[in-house]
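In my numbering, the protein residues as written are 53 to 199.
Structure, as structure tokens:
Have a look at this one:
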């Protein structure tokens with residue numbers, strides 16, 4: 053009995069210790085992305101932290117991004133979906149986060165006028181300790197939804 057336990061332990065040890073084969077990976081279903089070539093690529097990184105990069109691939113993917121300070125950035129990217137639809141995104145990434153814009157992305161609905169009036173009243177008579185900058189930013193964003 054003890055002998056069988058030792059043999060079983062050795063077999064398990066050998067199986068666990070055997071080299072693992074890397075799994076092959078492909079882009080999506082191995083479609084156009086699997087064999088895409090880079091048609092153009094350019095990267096510039098400056099000592100002050102500013103940079104630009106852009107690239108384009110043979111399957112229609114393209115991207116570019118620039119930053120003047122190495123922290124905030126703006127850019128764009130585009131690709132063709134499997135259904136043939138072309139998607140293009142333009143974005144800003146800064147202290148307010150990633151802010152994408154694209155024709156296919158949902159937009160914020162118009163803010164109710166009573167909400168804007170309430171915030172304007174709050175801005176005219178701010179409570180003690182109110183974050184006025186944040187309130188102004190919210191008001192500007194909501195006013196922009198009105199068109």
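For each residue, glycine too, the CB sits at the ideal point set by N, CA and C.
> Relative to the C-alpha of residue 143, which residue among 122, 167, 118, 174 is closest?
Replying inline: Position 91 of the chain shown, counted from the start, is the residue given in the question as residue 143. Selected option, being the one with the closest Cα: 118.
> From this set, 191, 149, 127, which residue's C-alpha is nearest residue 106's C-alpha?
Replying inline: Within the chain shown, the letter at position 54 stands for residue 106. The residue with the shortest Cα to Cα distance from residue 106 is 127.
> Would residue 120 pass as a contact of residue 102 if the rule is Cβ separation under 8 Å?
Replying inline: Against the chain shown, residue 120 aligns to sequence position 68. Against the chain shown, residue 102 aligns to sequence position 50. Closer than 8 Å, so yes.
> In its own chain, which residues sit with a C-beta less than 6 Å from the C-beta of residue 191, not counting the 5 before and 5 after it?
Replying inline: Residue 191 sits at position 139 when you count from the first residue of the chain shown. Hits under 6 Å: 171.
> Does the beta-carbon distance from residue 141 to residue 158 come in below 8 Å?
Replying inline: As a position in the chain shown, residue 141 is number 89, starting the count at 1. As a position in the chain shown, residue 158 is number 106, starting the count at 1. Taking 8 Å as the Cβ cut-off, residue 141 and residue 158 do not qualify as a contacting pair.
>> Closest to residue 134 by C-alpha separation, out of 146, 112, 182, would be which residue?
In response: Counting from one through the chain shown, the residue named residue 134 turns up at place 82. The option with the nearest alpha carbon to residue 134 is 112.
> Per DSSP, what kind of secondary structure is residue 141 in: helix, strand or coil?
Replying inline: On the chain shown, position 89 is the one that residue 141 refers to. Of the three classes helix, strand and coil, the one that applies to residue 141 here is strand, per DSSP.
> Quick one, which of 181, 93, 110, 122 has its alpha-carbon nearest residue 86's?
Replying inline: As a working note, residue 86 is residue 34 in the chain shown. The shortest Cα separation from residue 86 among 181, 93, 110, 122 belongs to 110.
>> Measuring alpha carbon to alpha carbon, tell me which residue in 147, 154, 148, 150 is nearest residue 139.
In response: The residue you call residue 139 lines up with position 87 of the chain shown. Selected option, being the one with the closest Cα: 154.
> Measuring CA to CA, which of 100, 178, 122, 165 is closest to residue 145?
Replying inline: By 1-based counting over the chain shown, the position of residue 145 is 93. Closest by alpha carbon: 122.
>> Could you compute how far the alpha carbon of residue 114 sits from the alpha carbon of residue 150?
In response: To locate residue 114, count along the chain shown from 1; it is residue 62. To locate residue 150, count along the chain shown from 1; it is residue 98. Answer to the nearest angstrom: the Cα atoms are 18 Å apart.
> Span of the beta strand (DSSP E) holding residue 102?
Replying inline: In the chain shown, counting from the first residue as 1, residue 102 sits at position 50. Looking at the DSSP string, residue 102 is not in any beta strand (DSSP E), and its letter there is neither H nor E.
> Run through DSSP, which three-state label would residue 185 get?
Replying inline: Counted from its first residue, the chain shown places residue 185 at position 133. Residue state, collapsed to three classes: helix.
> Looking at C-alpha atoms only, which residue of 173, 193, 100 is the closest neighbour of residue 160?
Replying inline: The residue you call residue 160 lines up with position 108 of the chain shown. Checking every option, the nearest Cα to that of residue 160 belongs to 193.
>> Just to confirm my understanding: we take residue 132, look at its own chain, exclude 5 residues before and 5 after, and list those with CB closer than 7 Å. What are they?
In response: The residue given as residue 132 occupies position 80 in the chain shown. Here the set comprises 112, 138.
> Sorted by chain position, which residues of the same chain lie with C-beta nearer than 6 Å to residue 88's C-beta, five sequence neighbours on each side aside?
Replying inline: Within the chain shown, numbered from 1, the residue matching residue 88 stands at position 36. Within the same chain, residue 88 has close Cβ partners 109, 110, 111.
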